[in-house]
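Chemist: Would you mind keeping the following structure in view while I ask a few things?
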Amino acid sequence: MRKSSTVCVHRRRMATGRASEPWDAYVRELGHNLLRARSASNLSQERAAHAAGISSFTYRKLEKGESNPGTPANPRLRTLVALAEVFGITVQELMPKEQPGIALGR
Numbered sequence: 010m011r012k013s014s015t016v017c018v019h020r021r022r023m024a025t026g027r028a029s030e031p032w033d034a035y036v037r038e039l040g041h042n043l044l045r046a047r048s049a050s051n052l053s054q055e056r057a058a059h060a061a062g063i064s065s066f067t068y069r070k071l072e073k074g075e076s077n078p079g080t081p082a083n084p085r086l087r088t089l090v091a092l093a094e095v096f097g098i099t100v101q102e103l104m105p106k107e108q109p110g111i112a113l114g115r
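Residue 10 is where the sequence shown starts when you use our numbering, and the numbers rise one by one after that.
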């Protein structure tokens, strides 16, 4: 498939929601992992966010697995590393175990 064809297929999948479903589930699980790690660290959302250098609003959205209502989260690597450091765990421990299966070329 040519690159332009791949882009068109990707856009159609995103428009129908089928391509984003695995990502939605993945970031929701990431949110649950954040909640568990934060609870184990006895931190409020505000304290965790402040310690990681992000806003409380951003942190709350990450725990919900979204960036805007109805839009799945896509956190920066720097944010994930900072949060893992705050919680005293590795990034690998923070991330969901299952891969989302979103690569177009698979």
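Idealized CB from N, CA, C, for every residue including glycine.
Source: prediction; values computed, not measured.
#1: Fully enclosed by the stretch 54-103, which alpha helix (DSSP H) runs are 4 residues long or longer?
#2: Hey, is the stretch 29-39 in contact with the stretch 73-93, meaning 3+ C-beta pairs nearer than 8 Å?
#3: Can you tell which of E75, R87, A61 has its C-alpha closest to the C-alpha of R29?
#4: Comparing C-alpha positions only, which one of H41, F96, V100 sits nearest to A60?
#5: Identify which residue in N51, K73, Q101, S64 has its Cα closest to the Cα of L86.
#6: Give the DSSP-derived three-state secondary structure of Q108 in the structure shown.
#7: Under 8 Å Cβ to Cβ from G110, same chain only, skipping five residues before and after it: list those, please.
#8: CA-CA distance, Q107 and V90?
Modeler: Based on what the coordinates show:
#1: Taking 4 residues as the shortest admissible run, the stretch 54-103 contains the following complete alpha helix (DSSP H) segments, listed from N- to C-terminal end: 54-61, 65-73, 86-96, 100-103.
#2: Counting Cβ pairs under 8 Å, three or more are found: they touch.
#3: Here residue 29 is Ser; the residue named in the question, Arg, does not match the sequence. Out of E75, R87, A61, the CA that lies nearest to the CA of S29 is found in E75.
#4: Distance from the Cα of A60 is smallest, within the candidate group H41, F96, V100, for F96.
#5: The shortest C-alpha to C-alpha distance from L86 to any of N51, K73, Q101, S64 is the one to Q101.
#6: In the structure shown, Q108 sits in coil (DSSP, three-state: anything other than H, G, I, E or B).
#7: When the five nearest sequence neighbours on each side are left out, the beta carbons in the same chain lying within less than 8 Å of the beta carbon of G110 are those of P31, in order along the chain.
#8: First, the residue type needs correcting, since residue 107 is Glu and not Gln in the sequence shown. Approximately 19 Å, taken between the alpha carbons.
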